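**Q** Residue numbers (our numbering): 6 to 488.
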Amino acid sequence: MPPLDWGALAPTLAVAASGLGLLAADMLTPRERRERLAWIPLLGFGAAAALSAGLWGSEARPVAGMLVVDSAACFFYGLFAVIGILTVLLSVPYIRREGIQFAEYYVLLTFAVLGMMVMAAAADLLMLFLGLETLSVALYVLAGFLRQRVTSNESGLKYLLLGAFASSFLLYGVAFLYGATASTNLDAIRAALTARAAPGPFPAVGVGLILVGLGFKVAAVPFHMWAPDVYEGAPTSVTAFMIAGTKAAAFAAFLRVVPVAGVSLEGAWPDVLWILAALTMGVGNVAAIAQRNLKRMLAYSGIAHAGYLLVALVAGNPLGTAGLLFYLVAYTFMTVGAFAVLIALGRRGEENLTLDAWAGMGTRRPLFALSMAIFMFSLAGLPPTAGFMAKFYVFSAAVEAGYIGLAILGVLCSVISVFFYLRVVVVMYMQEPGAEPVAGLLSPATALATLLGVAGTLYLGLFPSDAWEVAVRSVQGLAGAGG
């Protein structure tokens, strides 16, 4: 057995320990007190964030040739910990309201975060696949966790079937690359392909299949059809986690695979991503216009934002990679914050998810309505919010790399998105409320999650320099590790 760098593994071990601790605590805790178990994942995610901050900025630390803990991995560790903490805050009141007080919920959530962390640090395609499957299997169960609701059962089944199909594409791609290079290590694959004058068709086919698998996870067009149905039927707290966490984990994997893809597909790689980015931005924004259900609207919004993130990959320069990292942080705060408001103003079963149910919310729940307006402004990319700065960095990277047409298309798609985002604000503030009073789930945990979302969205919009500097230095660490 090769020697292990336990210090580099500390953040992932903290999350794994919290998951195992939850399993043990569940056996010893009476059913009526299981709500208190939420503290265990909160402590685990907090410890992982602190340990990641301690490792960030140091030299890349390989672990048995399977993982590499560099500044980019630590950046994603911290981001995943934040997503986990926000999701737990959303989940505490939500699962109480829906009557699903099971410790298994938090166990699955914890191990999903663990899978995301493995994906972010993967230096080997097999480890990337194991991380992806750890994340996916947990999400298959979480998507169908509302067992008494048909839509949740449908969500879990669709995600299982389509997710397994997409995973098989990725695994088949790994097999092609292994057949072409006799290795699954990313650095070894890149070195073997670089040494050849003509890599041949096998590496290109392998990378193409891996692109399909990861494209499914980020809901890029044409691999997006599952997203609206799955997001709508899943528990709202799980949808928030999936739409932010899965996207961040898949793009972390993209950053590890990109160097290999660039060698395998040579000049075709930017063109393939260009087409995917353009289709994803266009389809996501246009389809969102017709949605009256807020969860479905945010699902199509997530598809569109995956397109903006793909623009950063198309740019292929340090500015684009740093912009992608900044964008993921901004997207986390504004999207999870929007779902926090949905949960806070929801009702059991119906959840006030239709647009008409939000009429007059500005007078009935002024603070939550103001928070939702801020999140809508940010998702639309209006200043002075985090969404504006994120899009500015990504489109600037595209222009710097010479993809001016793609940047213009991205701006036009952002203009289209203003319609359906601001429609929510118009309904809240300019339509008369209905006769039925709005129920609310005004718990301290939900209020804290909403407040953190607002604070992060405004801070990154008004004072982006600190987060941008962290993103830039994380990109340097990624390049230094050969990732």
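Every residue gets a Cβ at the ideal spot worked out from N, C-alpha and C, and that includes glycine. Just so it is clear, the structure is predicted and the values come from calculations on it, not from any experiment.
Work out the CA separation of T139 and V74 for me, nearest whole Å.
**A** Going from the Cα of V74 to the Cα of T139 covers about 19 Å.
**Q** Just to confirm my understanding: we take G488, look at its own chain, exclude 5 residues before and 5 after, and list those with CB closer than 6 Å. What are they?
**A** With a pLDDT of 35 at G488, under the threshold of 50, the modelled position of this residue cannot be trusted; read the value that follows with caution. Same-chain partners within the cutoff: R261.
**Q** Rounded to whole angstroms, how far is the Cβ of G211 from the Cβ of G161, which I believe are closer than 8 Å?
**A** G211 to G161, Cβ: 30 Å. No contact.
**Q** With distances taken between CB atoms, is the gap from W231 to L165 smaller than 8 Å?
**A** Not a contact, by the Cβ cut-off of 8 Å.
**Q** With L114 as the anchor, note down where its alpha helix (DSSP H) starts and where it stops.
**A** Residues 108 to 125.
**Q** Which class does N298 belong to by DSSP, given the choice of helix, strand or coil?
**A** Strand at N298.
**Q** Rank A209, V68, P438, V118 by C-alpha distance to the C-alpha of K252 and give the top, closest one.
**A** When only C-alpha atoms are compared, the closest one is V118.
**Q** According to DSSP, simplified to helix, strand and coil, what is P46?
**A** Reduced to three states, the DSSP call for P46 is helix.
**Q** Of the residues G461, G218, L278, which one's Cα is nearest the Cα of A258?
**A** When only C-alpha atoms are compared, the closest one is G218.
**Q** Whole angstroms is fine: what's the gap from G220's alpha carbon to L278's?
**A** Looking at the two C-alpha atoms, the distance is approximately 10 Å.
**Q** Would you list the one or two residues that DSSP bridges to L72?
**A** Bridge partners of L72: V68, A127.
**Q** Rounded to whole angstroms, what's the CA-CA distance from M394 to L411? Just pull it up for me.
**A** Looking at the two C-alpha atoms, the distance is approximately 18 Å.
**Q** Rounded C-beta distance between T241 and V346? I'm assuming under 8 Å.
**A** Contact doesn't hold; Cβ gap of about 11 Å is too wide.
**Q** Let's test the definition: count the other Cβ atoms within 10 Å of the Cβ of D471 and tell me whether it reaches 16, buried, or not, exposed.
**A** Its Cβ having fewer than 16 others within 10 Å, D471 is exposed.
**Q** Is the Cβ-Cβ distance between T285 and A311 less than 8 Å?
**A** The answer is yes: Cβ separation under 8 Å.
**Q** For Y82 versus P16, is the C-beta spacing smaller than 8 Å?
**A** A contact, by the Cβ cut-off of 8 Å.
**Q** Give the range of the alpha helix (DSSP H) segment to which M230 is assigned.
**A** Run containing M230: none; DSSP gives neither H nor E here.
**Q** Can you tell which of I409, M366, A317, V243 has its C-alpha closest to the C-alpha of L144?
**A** When only C-alpha atoms are compared, the closest one is V243.
**Q** What number of angstroms, rounded off, separates the C-alpha of L315 from the C-alpha of A309?
**A** If I take the Cα positions, the gap works out to 10 Å.
**Q** Examine chain C for any beta-carbon lying closer than 8 Å to the beta-carbon of S76, and answer yes or no.
**A** Any reference to chain C falls outside this structure, which holds one protein chain only.
**Q** How should W11 be labelled, buried or exposed, when 16 other C-beta atoms within 10 angstroms of its C-beta is the threshold for buried?
**A** Exposed is the call here.
**Q** Quick one: what's got a C-beta closer than 8 Å to T462's C-beta in the same chain, skipping five residues either side?
**A** Taken in chain order, the residues that qualify are A335, F338, M339, G342, I379, F380, S383, T390, A391, G392.
**Q** Is it true that the CB of L360 sits closer than 8 Å to the CB of L299?
**A** Yes. Within cutoff.
**Q** Counting C-beta neighbours from all protein chains within 10 Å, is the total for G386 16 or more, i.e. buried, or is it exposed?
**A** It is buried - the Cβ of G386 has at least 16 other Cβ atoms within 10 Å.
**Q** Among Y313, F170, G70, which residue has its Cα nearest to the Cα of A193?
**A** A193 has its Cα closest to that of G70, out of Y313, F170, G70.
**Q** Using the Cα positions of E40 and G120, report the straight-line distance between them to the nearest angstrom.
**A** Rounded to whole angstroms, E40 to G120 spans 24 Å at the Cα level.
**Q** I'd like the ranges of any beta strand (DSSP E) spanning at least 3 consecutive residues and lying wholly in the region 275 to 363.
**A** None, since the region 275 to 363 contains no complete beta strand (DSSP E) of that length.
**Q** With distance defined between alpha-carbon atoms, name the residue in K222, T156, T199 nearest to A169.
**A** Comparing Cα positions, the closest option is K222.
**Q** Hey, A13 and L84: beta-carbon distance below 8 Å or not?
**A** Not closer than 8 Å, so no.
**Q** Below 8 Å between beta carbons: does that hold for A282 and E237?
**A** Not in contact: A282 and E237 (Cβ atoms no closer than 8 Å).
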